[in-house]
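Participant:
There are 4 protein chains.
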Amino acid sequence: MNGSASGNRFRGVYAIPPTPFDDDGELDERSLRRVVEFCVMAGAHGIVAPVNASEAIILTDAERLRVAEIVVEQTAGRVPVVIGVSGISTAASVLYTRHAAQIGADAVIAMPPYVKHPPASEIPDFYAAVARAGQGLPVWIQNNLGPVGTSMSPELLARMLRDIPEVAFIKEESEYPTQVISQVQALAGDDLQGIMGGMGGRFLLEEYRRGACGTMPASEVADALVLVWNALDEGDEARARELHTQLLPMLNYEALYTYAIYKEVLVKRGIIASSRSRVPGAPVLDAENHREIDALLKQIGPLLTMGMHPKINV
Amino acid sequence: MNGSASGNRFRGVYAIPPTPFDDDGELDERSLRRVVEFCVMAGAHGIVAPVNASEAIILTDAERLRVAEIVVEQTAGRVPVVIGVSGISTAASVLYTRHAAQIGADAVIAMPPYVKHPPASEIPDFYAAVARAGQGLPVWIQNNLGPVGTSMSPELLARMLRDIPEVAFIKEESEYPTQVISQVQALAGDDLQGIMGGMGGRFLLEEYRRGACGTMPASEVADALVLVWNALDEGDEARARELHTQLLPMLNYEALYTYAIYKEVLVKRGIIASSRSRVPGAPVLDAENHREIDALLKQIGPLLTMGMHPKINV
Amino acid sequence: MNGSASGNRFRGVYAIPPTPFDDDGELDERSLRRVVEFCVMAGAHGIVAPVNASEAIILTDAERLRVAEIVVEQTAGRVPVVIGVSGISTAASVLYTRHAAQIGADAVIAMPPYVKHPPASEIPDFYAAVARAGQGLPVWIQNNLGPVGTSMSPELLARMLRDIPEVAFIKEESEYPTQVISQVQALAGDDLQGIMGGMGGRFLLEEYRRGACGTMPASEVADALVLVWNALDEGDEARARELHTQLLPMLNYEALYTYAIYKEVLVKRGIIASSRSRVPGAPVLDAENHREIDALLKQIGPLLTMGMHPKINV
Amino acid sequence: MNGSASGNRFRGVYAIPPTPFDDDGELDERSLRRVVEFCVMAGAHGIVAPVNASEAIILTDAERLRVAEIVVEQTAGRVPVVIGVSGISTAASVLYTRHAAQIGADAVIAMPPYVKHPPASEIPDFYAAVARAGQGLPVWIQNNLGPVGTSMSPELLARMLRDIPEVAFIKEESEYPTQVISQVQALAGDDLQGIMGGMGGRFLLEEYRRGACGTMPASEVADALVLVWNALDEGDEARARELHTQLLPMLNYEALYTYAIYKEVLVKRGIIASSRSRVPGAPVLDAENHREIDALLKQIGPLLTMGMHPKINV
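Heads up: the sequence lines are chains F, C, V and P, in that order. Everything in the first sequence is counted per the working numbering, starting at 92 for the first residue and increasing by one. Everything in the second sequence is counted per the working numbering, starting at 92 for the first residue and increasing by one. Everything in the third sequence is counted per the working numbering, starting at 92 for the first residue and increasing by one. Everything in the fourth sequence is counted per the working numbering, starting at 92 for the first residue and increasing by one.
Structure, rendered in structure tokens:
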């Protein structure tokens with residue numbers, strides 16, 4: 092497998108829309124449609140939801156399924172949609188996966204169950220169950236640190252890539268993730284059809300050089316990340332590094348204040364209505380945070396190809 | 092509040108039925124009804140489900156609601172039913188609580204959300220939301236260690252007991268739980284209408300002496316625990332201690348092998364059909380474990396007032 | 092290997108004296124000598140220190156070495172001494188092990204480093220370094236749950252038993268420990284020269300039946316545990332179970348209030364001077380705890396072969 | 092307190108030298124002297140060691156004290172030295188603090204004990220003991236996330252700043268650290284004489300604007316960070332942001348591969364002899380990592396005021 096090759100089924104910036112809520116904490120469907128639309132218009136090569144950056148860990152089952160439906164519907168086949176099916180148990184992930192298959196998703200992505208985490212010996216059965224539920228849908232393994240993720244060794248990943256036909260893709264963001272990208276490719280060979288980086292795209296250049304076929308970041312500056320990716324894919328690493336460096340302070344701020352940044356930037360850009368998060372302990376921004384976001388947005392202004400306030404017809 | 096007084100609305104052994112599954116991992120409704128029936132016939136003073144010992148952390152939302160319905164239906168008002176409404180988010184707990192109110196539960200019990208745990212400052216809002224959703228239902232706070240539970244200080248517990256009228260009961264199993272039972276009573280006074288112990292009943296005698304109005308254990312030897320409780324309530328501490336000591340090796344084995352013991356003992360007693368657990372990493376018993384369970388069951392034979400193989404008409 | 096066989100080099104109750112402090116938190120050497128003497132007089136078959144129950148995790152290096160010296164000196168060859176050499180790094184464990192070899196210890200016991208825990212791939216190097224530092228001293232692996240312990244698989248244990256000649260003994264108290272006792276024996280065969288249980292002796296009967304050659308408990312009721320062990324070794328399992336059941340409420344209370352019980356019982360028995368603990372968050376007993384300890388001591392009075400207040404000439 | 096004011100006793104970039112080891116894992120004293128010398132020559136406004144970035148968690152007590160001595164000796168009063176005294180217990184921190192006072196350190200910095208972490212109620216006693224041991228030395232509180240750090244609320248920090256005269260400084264790197272910098276200043280007023288940021292300097296601009304009087308980063312690009320700080324202190328935020336953005340990819344890489352980057356960059360710059368780390372699980376760099384470091388060093392070349400290969404006379 093070589094991420095730099097052109098034949099990948101899934102390739103590029105796979106943006107993760109957040110799950111917008113209204114002031115009562117209810118799902119804001121219109122804002123969700125608008126942010127999906129923004130991602131597609133911004134040139135994202137695919138859409139991934141609901142996953143960690145979508146606050147999937149606090150959605151009820153009904154909300155999970157509704158988010159998936161809206162995302163598939165709004166994307167309308169323009170780019171691939173990968174539905175997040177991580178959950179509290181195999182049964183939950185199977186439920187989400189069956190639904191994803193029914194509504195026409197292009198793939199699913201899962202971490203192992205995350206209230207009690209399975210030991211390594213039980214993880215292949217989990218992914219096999221997800222694969223069966225998907226009835227042929229490609230399955231992405233998300234390799235992620237705890238406490239929500241379950242870190243899996245390159246050897247375990249390679250074994251599942253070999254043994255479960257639908258399991259052919261990895262999103263890698265465990266410890267020392269850029270190294271793992273190399274290790275999994277070396278171990279899995281052709282059993283691996285694509286590996287993407289995570290970590291908000293903060294290590295995208297090295298991931299690309301190591302063979303990653305894309306990245307799955309949050310969506311608030313998806314247009315800027317697409318710009319970086321396209322420079323990479325045009326072979327202009329110097330230009331990519333320059334753009335990436337310019338973008339990095341914003342990506343870092345996102346890493347620090349997470350949900351609040353994913354959403355507040357989208358609010359400031361006029362894409363979603365509220366930055367409310369439902370995750371326990373989510374940060375609440377103060378005036379100085381807002382000043383910093385504004386400074387960072389100004390700094391990356393030239394990279395926001397959709398403009399600071401994109402026009403979205405939803 | 093004095094747990095030894097007779098006026099408690101909730102008092103005694105509140106048994107927790109497990110959630111039985113069939114060999115495909117599907118909810119085995121008949122076995123669930125049978126274990127609920129066993130608990131009532133065994134003299135349990137109340138029923139609590141689905142909570143930790145019911146594998147609530149791996150049930151889908153639909154399964155959670157179905158378990159609650161069956162438990163309320165099968166109990167049929169003979170003893171109070173406390174529905175477990177802990178979940179991954181306030182929204183999930185609110186969903187379960189509304190349903191509990193609709194189906195006629197007598198109370199709900201909740202830990203704070205458990206994928207990401209709220210900081211102390213956000214916990215009162217969580218319980219207030221549960222209380223509102225219950226439309227007057229009494230609310231139990233379950234004070235429990237991580238990684239699933241969220242340990243709350245006696246001060247925080249007392250503040251919520253004071254500020255949220257429906258919050259009037261505690262199940263205590265945090266660090267140094269017998270001390271906390273005393274501390275919460277001292278701080279909360281009449282705002283606390285009842286506090287029960289947990290920890291499988293292993294510290295029941297001291298909890299009773301400190302004012303606990305009951306205990307919420309698993310159900311596989313509910314008849315034996317009722318015997319201990321009744322001795323306590325008849326004022327015969329010496330007899331209670333003797334019975335409790337005889338029972339303790341079984342309670343300890345349950346603490347070590349958890350779900351496997353809750354269920355396997357019920358299988359051996361002919362009450363449920365399968366000991367299958369769906370919790371990741373749940374123990375799988377070997378031949379020597381079975382030998383030990385048999386030895387322990389023999390040891391506590393005289394305490395099993397329902398007989399080793401109770402006759403249950405469900 | 093068969094724990095029931097008589098040929099074991101280390102066999103029986105290996106008692107762990109606590110590290111007594113005076114009211115300023117300084118090492119109380121006389122009390123330490125007295126509790127070591129108590130253990131030997133009580134019939135303990137060996138002494139283990141400083142380990143978890145000795146608050147080893149909060150001792151300075153100088154204190155660690157001093158405790159080891161006193162324990163070896165006071166035991167004076169009457170029974171084997173196993174020196175605890177777990178520490179914050181390989182360098183620390185090597186330091187303690189070299190010293191143990193110099194002062195004439197009979198073996199050392201170690202968990203992997205515990206501030207940052209090594210991944211499984213680095214653990215054999217740790218034990219190999221300890222083995223080298225011991226210059227021939229037998230090495231015990233302590234298999235223990237986090238956050239202080241590092242849980243190791245039976246496969247990893249067996250590999251180290253095979254590859255590192257000095258590593259020939261296990262203290263097992265990871266998840267599902269009685270099963271692991273069987274699994275390690277099956278995998279390691281003759282590479283394993285002895286495996287002891289931990290968990291305060293609460294599962295001693297099953298451990299014995301599974302082939303354990305002993306147990307490493309705290310010391311405050313060492314005389315009672317020796318009684319149970321000797322019944323087992325005399326082949327009288329029924330008697331052993333009866334004694335063990337009588338003792339279990341005390342062992343459970345010890346499991347709940349840990350350091351406070353290890354020490355307070357020794358204070359009540361007149362063996363050490365103060366129950367002060369230096370471990371952060373260690374419990375402070377209240378009046379009701381004292382009442383419970385007194386009740387438990389009364390219950391096990393007949394098992395305290397040294398008498399409630401043993402006469403110790405130190 | 093206002094970090095932008097000029098009167099701070101401690102102010103600017105307080106660089107943290109790593110603890111260099113030779114190939115046997117022994118302390119490499121010459122390399123340590125050279126990196127201290129580099130920091131001073133690079134314009135660092137102070138030196139901090141041994142702390143997290145110095146692998147303090149795996150040093151024996153003797154090594155801790157030796158590192159402290161060398162750092163004080165080599166710095167020779169040219170800039171203030173803050174000795175790290177975090178340890179496994181109050182006794183350990185007291186030991187290190189007494190020694191720091193004896194050897195002429197300018198201050199000490201401590202996290203609470205980190206094998207078992209104290210509950211909030213015990214933390215003031217810990218810092219009071221450190222303060223007493225310092226005999227007047229200023230004490231910094233390091234507010235840091237787990238598992239090694241203990242996160243303390245702004246309220247608790249303010250209370251200790253008020254109640255313990257020597258405690259007058261904070262290094263802040265808990266959750267949402269830039270917000271905490273504002274919150275502590277608001278709560279503590281004049282009781283706080285200085286607060287520095289951590290997190291490798293990745294959020295330095297916002298920290299400065301919020302009143303931080305400095306930052307405590309690792310040392311491998313100390314010259315570049317001094318450049319950023321000086322631009323800030325000259326009031327040229329635009330220039331500072333430009334420099335900081337240029338530097339950020341390297342700071343991020345350091346955040347991902349930690350010890351390996353702290354040391355390998357210093358090796359590549361000819362300052363220390365080996366990049367060996369003794370922390371369990373520390374990353375081992377592969378060829379692609381080296382390529383990335385080289386690219387990053389090239390990118391920040393103009394910011395390395397000491398030159399890529401500084402001449403150091405030690």
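Glycine included, every Cβ here is placed at the ideal spot set by N, Cα and C.
Identify the continuous beta strand (DSSP E) that holds Asn235 of chain P and give its terminal residues.
Facilitator: Here the beta strand (DSSP E) through Asn235 of chain P covers 230-235.
Participant: Based on the DSSP output, what are the partners of Gly175 of chain P in its beta bridges?
Facilitator: According to DSSP, Gly175 of chain P bridges with P:Ile200.
Participant: On a Cα-Cα basis, can you pick out the residue from F:Thr396, F:Ala144, F:Ala106, F:Asp113 that is closest to Tyr348 of chain F?
Facilitator: Comparing Cα-Cα distances from Tyr348 of chain F to each of F:Thr396, F:Ala144, F:Ala106, F:Asp113, the minimum goes to F:Ala144.
Participant: Residues of the stretch 147-162 of chain P with a CB closer than 8 Å to any CB of chain V: list them in chain order, please.
Facilitator: Listed by position along the chain: Ile148, Ile149, Leu150, Thr151, Asp152, Ala153, Glu154.
Participant: Check whether the stretch 166-178 of chain V touches the stretch 139-156 of chain V, counting contact only when three or more Cβ pairs, one atom from each stretch, lie closer than 8 Å.
Facilitator: Touching, yes.
Participant: Compute the distance between the beta-carbons of Pro111 of chain V and Ala277 of chain V, then report whether it is under 9 Å.
Facilitator: No.
Participant: Can you check DSSP and say which residues form a bridge with Ile138 of chain F?
Facilitator: DSSP output for Ile138 of chain F lists F:Ala106, F:Val172 as bridge partner(s).
Participant: Using a Cβ cut-off of 7 Å, pull out every chain F residue sitting near Leu347 of chain P, in sequence order please.
Facilitator: Residues of chain F passing the Cβ test: Phe294.
Participant: If you draw a straight line from the alpha carbon of Gly285 of chain V to that of Ala346 of chain V, how long is it in whole angstroms?
Facilitator: For Gly285 of chain V and Ala346 of chain V, the distance between alpha carbons rounds to 25 Å.
Participant: Nearest to Arg100 of chain V by CA position, among V:Arg360, V:Met399, V:Asp327, V:His136, is which residue?
Facilitator: Ranking the options by Cα distance to Arg100 of chain V, first place goes to V:His136.
Participant: What residues from chain P crowd round Asp314 of chain F, counting only those whose CB sits closer than 7 Å?
Facilitator: Correct list: empty, because the minimum Cβ distance to chain P is about 19 Å.
Participant: Count the other CB atoms within 10 Å of the CB of His400 of chain F; is the residue buried (16 or more) or exposed (fewer)?
Facilitator: Its Cβ having fewer than 16 others within 10 Å, His400 of chain F is exposed.
Participant: What residue range is occupied by the uninterrupted alpha helix (DSSP H) comprising Val163 of chain F?
Facilitator: Run containing Val163 of chain F: 152-166, per the alpha helix (DSSP H) assignment.
Participant: Check whether the Cβ atoms of Ser273 of chain F and Arg253 of chain F lie closer than 9 Å to each other.
Facilitator: Their beta carbons are not under 9 Å apart, which means Ser273 of chain F does not touch Arg253 of chain F by this criterion.
Participant: Could you check the C-alpha separation between Leu334 of chain C and Ala279 of chain C for me, to the nearest Å?
Facilitator: Roughly 32 Å separates the two Cα atoms.
Participant: Counting only the same chain and skipping the five closest in sequence on each side, list residues whose C-beta sits under 6 Å from that of Met243 of chain F.
Facilitator: So the list reads Asn234, once near-sequence residues are dropped.
Participant: Starting from Phe260 of chain V, follow the beta strand (DSSP E) in both directions and report where the run begins and ends.
Facilitator: It spans 258-264 - the beta strand (DSSP E) in which Phe260 of chain V sits, taken as one unbroken run.
Participant: Would you give the residue range spanned by the alpha helix (DSSP H) that Gly225 of chain F belongs to?
Facilitator: Gly225 of chain F -> alpha helix (DSSP H) spans 214-225.
Participant: Of all the alpha helix (DSSP H) runs that stay within the bounds of the stretch 257-314 of chain C, which reach a length of 4 or more residues?
Facilitator: Counting whole runs of 4 or more residues, the stretch 257-314 of chain C contains the alpha helix (DSSP H) stretches 268-279, 295-300.
Participant: Between Pro108 of chain P and Glu297 of chain P, what straight-line distance do the alpha-carbon atoms span, to the nearest angstrom?
Facilitator: Rounded to whole angstroms, Pro108 of chain P to Glu297 of chain P spans 24 Å at the Cα level.
Participant: Do Arg332 of chain F and Asn343 of chain P have their beta-carbon atoms positioned less than 9 Å apart in this structure?
Facilitator: The answer is no: Cβ separation not under 9 Å.
Participant: Cβ atoms of Val104 of chain C and Val317 of chain C: under 9 Å apart, would you say?
Facilitator: Yes, the pair counts as a contact, with Cβ atoms nearer than the cut-off.
Participant: To which residues does DSSP link Leu118 of chain V through a beta bridge?
Facilitator: Note: Leu118 of chain V sits in a beta bridge opposite V:Phe112.
Participant: By the criterion of Cβ-Cβ separation under 8 Å, what are the contact partners of Ala182 of chain P in chain V?
Facilitator: Gly116, Ile149, Leu150, Thr151, Glu154, Arg369, listed in chain order.
Participant: At least one CB of chain V closer than 9 Å to the CB of Asp377 of chain C: is that the case?
Facilitator: Judged by the 9 Å Cβ criterion, Asp377 of chain C is in contact with chain V.
Participant: I'd like to know if Leu123 of chain F contacts chain C, where contact means its C-beta is closer than 9 Å to some C-beta of that chain.
Facilitator: No, Leu123 of chain F does not count as interfacial toward chain C.
Participant: Over what stretch of residues does the alpha helix (DSSP H) that includes Arg369 of chain C continue unbroken?
Facilitator: Run containing Arg369 of chain C: none; DSSP gives neither H nor E here.
Participant: Does any residue of chain F have a CB that is nearer than 9 Å to the CB of Met92 of chain P?
Facilitator: The predicted model places Met92 of chain P with a pLDDT of 38, which falls under 50 and marks its position as unreliable; any figure quoted below should be read in that light. Judged by the 9 Å Cβ criterion, Met92 of chain P is not in contact with chain F.
Participant: Say whether chain P places a C-beta atom closer than 9 Å to the C-beta of Pro393 of chain F.
Facilitator: False, the Cβ-Cβ gap to chain P never drops below 9 Å.
Participant: Taking its Cβ as the centre, do 16 or more other Cβ atoms sit within 10 Å of Leu236 of chain P, making it buried, or is it exposed?
Facilitator: By the neighbour-count rule (16 or more Cβ atoms within 10 Å), Leu236 of chain P is not buried but exposed.
Participant: Which residue's Cα is closest to the Cα of Ile161 of chain F: F:Thr181, F:Lys389, F:His190, F:Gly134?
Facilitator: Closest by alpha carbon: F:His190.
Participant: Name the chain P residues that come within less than 7 Å of Lys207 of chain V, Cβ to Cβ?
Facilitator: Per Cβ cutoff of 7 Å: Ile148, Val370, Pro371, Gly372.
Participant: Taking only three categories from DSSP, how would you classify Gly392 of chain F?
Facilitator: Helix, per DSSP.
Participant: Please return the same chain residues whose Cβ sits closer than 6 Å to the Cβ of Leu247 of chain V, not counting the five positions on each side in sequence.
Facilitator: Only Ala211 meet the Cβ criterion.
Participant: If you reduce the DSSP assignment to three classes, tell me which class Gly398 of chain C lands in.
Facilitator: Three-state DSSP puts Gly398 of chain C in coil, outside helix and strand.
Participant: With 16 as the cutoff for other CB atoms within 10 Å, does Asn380 of chain V come out buried or exposed?
Facilitator: Per the 10 Å Cβ criterion, buried.
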